[in-house]
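In what follows, a single structure is set out as structure tokens and then discussed.
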Amino acid sequence: MPIPYQIVVCGSVVPDPLQTLEPITTPAGPALKNELMLPAVLDPWAGHALFEAANLAKQHPGSKVWLVSVGPKAKLQQVMMTVAQKVPFELIALDGPASGFAESAEIAAALAGAIQAIPGLDQSRLFVFGGWESASRGAGTTMQMVGELLGITDQFQGVDQLTVRPDGSFQALERVEGGKHQVSACSALPALLGWATGNLPEPPNNPQVGMLNMRTVMPALQRAKPVKVANDGVAFASVSLPKQRRATKIVKDLSPDAIAQEIVEWIGKE
Amino acid sequence: MNVDIVCVGFGPAMGGFLTTLSKQLLKEDGTPAVESVAAPGMPPQVICYERADDLGFGVSGVVTPARGIKASFPQLDPTQIPMAAPVKQERVAYLLDPIGASRRSLTLRSADALIRTCRWALPYEYQAVNLPWVPPFLRKHDGLVLSMGQFMQWVGAQVMSSGTVQVWPSTPVASPLLEGDRVVGVRLIDQGTDKQGAPADGFMPGMDIRAALTVVGDGPVGTIGRQLDEHFGLPEGNHQHDWAIGMKFVIDLPPGADLEPGTVFHTFGYPEPEIFGFMYVHPGRIASLGIFVPSWFDNPVRTAYRYLQHWMMHPYLWRYLEGATLRSWGAKTLQESGRRGEPHLAGNGYVRIGEGSGSTNVLTGSGVDEAWATGTQLAEGVLELLKSGRAFTKENLEQAYVRRRRTSWVEHEGRVAERARDGFQRGVVTGLIGMGLTGLTGGRINLRGRSMPPYRRLPTVERYYEGRIPPAEIAKLRVECAKKGASLSGALMDQAGWPAIPFDGKLLVSHQDALLMGGKVQAPAGYADHVIFLHPAVCQQCDVRICIDACSGQAITPGPEGVPAFDREKCVYCGACLWNCSKPSPTNPERSVVDFRAGAGGLHSAEN
């Protein structure tokens, strides 16, 4: 009989990937210029984790998915109107920063606290999912600390595939150097998986799923607890964006090989 | 799926509707003020579907009197809305042609010469004349400068936090559900299809959303509104012949550009006399600026983007803009027929609000405020019907909504404006005089002009450039451009004397870079193409193909066998192709051979 899993996904909002980001210094520390005006999306790595969680839950009747998010409440509300149409989940919202300039230990503590407060959590059926890092600006440390705070010692980062077995054990494929995967077997839960891309496409929008999710999303946002991130003891030596250079060229009827060759030459100019 | 009210499109009209409605669906104790039929025991289930990938994507920056908006939010504090500022000063300027490439009539050339001769006696600066006073009908005194994207995001947050209304972005609506002449809901777009709409991986057929009332506020080129117009026709005497494309930049002003937030510029006269310009200054050294290219600008190879760049470089504006940086870019169709473009406002099970319902005032150039007001009027009517337990029949909706609208300032001022722009059908100078007469006499005196579908206005390229570019030269350019796959409009503008744009990589960028850097245009996979050339044989015979030059995103290009090709990944959903087409549909002479259907993706900027 399939195990009904409890899958908690940690994930928050990031600026829509195509936006132009400009770091600025404020009295409270570094920030992104006009961040609240930028369109936001669910962090793509966390999105993969959520879709994998929903897929796992679908295959194991009785399973449940929670999405735990720390972010500005207004932005969370906005992003949830897109995410909530994708897959069923229950939202646990925490009203706090999602700027990328928050100390990851403090964010991890807030997430772990929210997970521990979920009623009826059963460690023997518990998967904690998240992105292995934030797609735009994460330190790649948050999920690891969430696991440590929850006492979960079986952790896997950069996961592309999860195969669960009827006896409760599972196999995880983690990304390693050279485009290869490390294959790990784990005999029992709880476990924490920081997902890379996984293998699932983004689910289509389903209005019925959206309606179902909204029964919990809006109440969760209304009772979202504030999370204060003091960044005590953290000093930002410098903040910069990755160097980028853009060149646009319109070509027609060029072969893929020729396009690849041009790109290689262009990169070589750097 | 069954709901009580399904809404199509989240623009200012729907913002007004949902803001007003959501405040009154619950009593103070949290119990339903009215009970849902679709979900007994609950308040009415109200769902709004928005095509764009997020709220506020793809709408435009405005200056608005904001009467309707302020009525909905009496305590409105503009500082709470990003990029909002009270209007502080307004200027209207006539721009002369500083480079001599503009296609000006003898009358205008004479006027220009006179202005230059007498400039010492005029409020002349930087090759422009400031109008000594702004006509009252154009003033937006006490109004607001807004980024509609930011404003709609703010409104979305307000209405959704009420918990009584759901607004779902990224969900295009494909068609109305019709049972005879009754609208019983909408069908959402198919997902998981190939470009032709055939089922592919992950196919999910568009779901039917059935509702007692369908509220259509999908704008001037919205697919549901147009399908209803196809089915029901327009009221006798009404037409939708007049359009414009608005193309704009949002920029960071350079250091030293000394402009107060709330400053509003309107320009006319350049780059072509038919093209109007605007610049609105937001807080934080941000400005929205752009041009309107109307359908009565009879250039058969009109392209807004290059004209926009020449307009920005006019000395009157360039003194503020040199050194600025592009933040966002976008384009949008405007329905310029105004009150005379009004469709049937209500029928059994459906109502129309906003710009697509003919609410825009074509005299004052105001659309957002009017659209918002029609939404609030509908909400009051819907609440009246819900509370009295009356059905959403045509008769009841006429009484509860249309009657409110007919007795409101939207209707009164729309009637005054109705014929304000008729004169433009005969030329720019006649049009400007006509607008002035209409505005100053409260609509009692108007200049006449016969409005025609855009395709009937368009001359040949040879005719348009008569006396400026010889036909043989045009023929040569045609062949060269076809060979290179290059834009004919660009080549003709070069030939007509327009200088090359000196790209600086910041503000003056290529059209494609504007798409990527400013519009951040995206097209998710799994959806069918939404621009369709319905009659390929007609396209093959077409020697104008204005759809290619007029496409705001360069998404339409020369295609195989003479039929234009469409690239969904560049489309910004402006809808210019729909009305710029130079050929009438063989089945409906009021429509063109281009169809503009529901589709996903588009602009990813909320600053427009």
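Going line by line, the protein sequences match chains A and B.
Going by the working numbering, the first residue of the first sequence is number 1, and it counts up by one from there.
Going by the working numbering, the first residue of the second sequence is number 1001, and it counts up by one from there.
C-beta: ideal position from N, C-alpha, C; glycine also.
Spatial neighbours of residue i within its chain, please: C-beta separation below 6 Å, excluding the five flanking residues on both sides.
i: residue 13(A); result: 40, 71, 75, 79, 98
i: residue 1468(B); result: 1496
i: residue 1137(B); result: 1363, 1364, 1439
i: residue 1135(B); result: 1439
i: residue 1156(B); result: 1055, 1167
i: residue 1042(B); result: 1036
i: residue 310(A); result: Residue 310(A) lies beyond the residue range present for chain A, which begins at 1 and ends at 270; the question has no answer from this structure.
i: residue 1321(B); result: 1312
So, for residue i: in the same chain, excluding its five sequence neighbours on each side, which residues have a beta-carbon less than 7 Å away from its beta-carbon?
i: residue 203(A); result: 51, 86, 87
i: residue 1447(B); result: 1422, 1423, 1430, 1433, 1434, 1437
i: residue 1385(B); result: 1392, 1396, 1400
i: residue 1357(B); result: 1342, 1343, 1345, 1374
i: residue 1037(B); result: 1004, 1212
i: residue 1459(B); result: 1298, 1300
i: residue 1247(B); result: 1290, 1291, 1304, 1305, 1308, 1331, 1552
i: residue 1613(B); result: The question about residue 1613(B) has no answer, for chain B in this structure spans 1001 to 1608.
i: residue 1252(B); result: 1285, 1286, 1324, 1325, 1327
i: residue 1181(B); result: 1347, 1348
i: residue 206(A); result: 85
i: residue 1606(B); result: 1054, 1056, 1057, 1149, 1150, 1153
Between which residues of its own chain and residue i is the CB-CB distance below 8 Å, once the five residues before and five after are set aside?
i: residue 269(A); result: none
i: residue 1081(B); result: 1146, 1150, 1151, 1154
Going by the DSSP bridge assignment, what does residue i pair with across the sheet?
i: residue 1276(B); result: 1268(B), 1292(B)
i: residue 1243(B); result: 1335(B)
i: residue 1175(B); result: 1187(B)
i: residue 1248(B); result: 1290(B), 1330(B)
i: residue 174(A); result: 159(A), 182(A)
i: residue 1211(B); result: 1003(B)
i: residue 1226(B); result: Answer by DSSP bridge pairing: none, since residue 1226(B) is not bridged.
i: residue 1049(B); result: 1008(B), 1168(B)
i: residue 271(A); result: Since the displayed chain A opens at 1 and closes at 270, residue 271(A) lies outside it and no answer follows.
i: residue 1325(B); result: 1252(B)
i: residue 1592(B); result: 1584(B)
i: residue 1566(B); result: 1556(B)
i: residue 1030(B); result: Paired residues: none, contrary to the question.
query = What runs of the alpha helix (DSSP H), each 4 residues or longer, lie entirely inside the region 86–150 of chain A?
reply = Along the region 86–150 of chain A, the alpha helix (DSSP H) occurs as fully enclosed runs of 4 or more residues at 104–116, 142–149, listed in sequence order.
key: Given 8 Å, three or more beta-carbon pairs between the region 1184–1192 of chain B and the region 1400–1408 of chain B   = No contact exists between the region 1184–1192 of chain B and the region 1400–1408 of chain B.
Inter-stretch contact (C-beta, 8 Å, three-pair minimum) for the region 1041–1057 of chain B and the region 1360–1378 of chain B = By the Cβ criterion, the region 1041–1057 of chain B is not in contact with the region 1360–1378 of chain B, since fewer than three pairs of Cβ atoms, one from each stretch, lie closer than 8 Å.
request  = Check distances from the C-beta atoms of the region 1162–1184 of chain B to those of chain A and list, in chain order, the residues that come in under 8 Å.
outcome  = Only those residues of the region 1162–1184 of chain B whose C-beta falls short of 8 Å from the nearest C-beta of chain A are listed: 1163, 1166, 1167, 1168, 1169, 1170, 1171.
ask   = Can you list the alpha helix (DSSP H) stretches of 4 or more residues lying completely in the region 1478–1503 of chain B, in chain order?
value = Listed in chain order, they are 1488–1495.
Entirely enclosed beta strand (DSSP E) segments - the region 1083–1151 of chain B, minimum 3 residues = If we require 3 residues or more, the beta strand (DSSP E) runs fully inside the region 1083–1151 of chain B come out as 1089–1095, 1128–1130, 1144–1146.
key: Segment contact flag, the region 1080–1094 of chain B with the region 1248–1268 of chain B, C-beta cutoff 8 Å, min 3 pairs   = Short answer: they touch.
key: Meets three-Cβ-pair contact criterion under 8 Å: the region 1300–1311 of chain B and the region 1162–1171 of chain B   = Cβ pair count under 8 Å is below three, so no.
Chain B contacts from the region 62–86 of chain A (Cβ-Cβ distance under 7 Å) = Taking 7 Å as the cut-off between beta carbons, the residues of the region 62–86 of chain A near chain B are 74, 77, 78, 81, 82, 85, in sequence order.
query = Using a Cβ cut-off of 8 Å, which residues of the region 1453–1484 of chain B contact any Cβ in chain A, in chain order?
reply = Those residues of the region 1453–1484 of chain B that come within reach of chain A (Cβ to Cβ, closer than 8 Å) do not exist; the list is empty.
task = Please list the residues of the region 1185–1209 of chain B that have a C-beta atom closer than 8 Å to any C-beta atom in chain A, keeping them in chain order.
result = Contact annotation: in the region 1185–1209 of chain B, residues whose CB is within less than 8 Å of a CB in chain A are 1188, 1191, 1192, 1201, 1202, 1204, 1207, 1209.
message = So within the region 1346–1400 of chain B, which uninterrupted beta strand (DSSP E) runs reach at least 3 residues, ignoring any that extend past its ends?
response = Whole beta strand (DSSP E) segments, 3+ residues: 1350–1352.
message = I want to know whether the region 27–46 of chain A touches the region 122–137 of chain A - three or more CB-CB distances under 8 Å.
response = Touching, per the Cβ criterion.
ask   = For the region 1330–1349 of chain B, which residues have a beta carbon sitting closer than 7 Å to at least one beta carbon of chain A?
value = Listed in sequence order: no entries.
task = Mind checking the region 1055–1071 of chain B against chain A and listing, in chain order, the residues whose C-beta falls within less than 9 Å of any C-beta there?
result = With the criterion set as a beta carbon lying under 9 Å from some beta carbon of chain A, the members of the region 1055–1071 of chain B are 1055, 1056, 1057, in sequence order.
task = With 9 Å as the limit, tell me which residues of the region 195–221 of chain A have their beta carbon closer than that to any beta carbon of chain B; keep them in chain order.
result = Hits within the stretch, in order: 201, 202, 203, 204, 205, 206, 207, 208, 210, 211, 214, 218, 219, 221.
query = Looking at C-beta atoms only, is the number of pairs between the region 218–233 of chain A and the region 178–196 of chain A that lie closer than 8 Å three or more?
reply = Two segments are said to touch when three or more pairs of C-beta atoms, one from each, lie closer than 8 Å; by this definition the region 218–233 of chain A does not touch the region 178–196 of chain A.
query = Taking any Cβ of chain B, which residues in the region 3–37 of chain A have a Cβ under 8 Å from it, in chain order?
reply = If the cut-off is 8 Å between Cβ atoms, the region 3–37 of chain A has 16, 18, 19, 20, 34, 36, 37 near chain B.
request  = Note down, in chain order, all residues in the region 39–56 of chain A with a beta-carbon under 7 Å from any beta-carbon belonging to chain B.
outcome  = Listed by position, the residues of the region 39–56 of chain A near chain B (Cβ gap below 7 Å) are 39.
key: In chain order, each alpha helix (DSSP H) run of at least 4 residues that lies wholly inside the region 178–264 of chain A   = Positions of the alpha helix (DSSP H) runs, each at least 4 residues long and wholly inside the region 178–264 of chain A, are given as 207–222 in order along the chain.
inquiry  = Is it the case that the region 144–157 of chain A contacts the region 12–31 of chain A, given that we only count it when at least three CB pairs across the two stretches are under 8 Å?
reply    = The region 12–31 of chain A, when compared against the region 144–157 of chain A, does not touch it at the 8 Å Cβ threshold.
ask   = What residues from the region 1500–1523 of chain B come within 8 Å of chain A, judged by C-beta to C-beta, listed N to C?
value = For the region 1500–1523 of chain B, which is checked against every Cβ of chain A, the residues closer than 8 Å are 1510, 1512, 1513, 1516, 1517, 1520, 1522.
query = Which residues, in order along the region 1075–1094 of chain B, keep a beta-carbon less than 9 Å from a beta-carbon of chain A?
reply = Listed by position along the chain: 1082, 1083.
query = How about the region 1231–1238 of chain B and the region 1019–1036 of chain B: do they share at least three Cβ pairs that are nearer than 8 Å?
reply = The answer is no - the region 1019–1036 of chain B does not touch the region 1231–1238 of chain B, with fewer than three Cβ pairs under 8 Å.
ask   = Hey, is the region 18–34 of chain A in contact with the region 1511–1531 of chain B, meaning 3+ C-beta pairs nearer than 8 Å?
value = Counting C-beta pairs with one atom in each stretch, the region 18–34 of chain A and the region 1511–1531 of chain B have three or more that are closer than 8 Å, which means they touch.
message = Please list, in chain order, the residues of the region 1037–1048 of chain B that have any C-beta partner in chain A closer than 7 Å.
response = If the cut-off is 7 Å between Cβ atoms, the region 1037–1048 of chain B has nothing near chain A.
query = Within the chosen definition, does the region 1510–1518 of chain B reach the region 1530–1541 of chain B through at least 3 CB pairs nearer than 8 Å?
reply = At 8 Å Cβ cutoff, the stretches do not touch.
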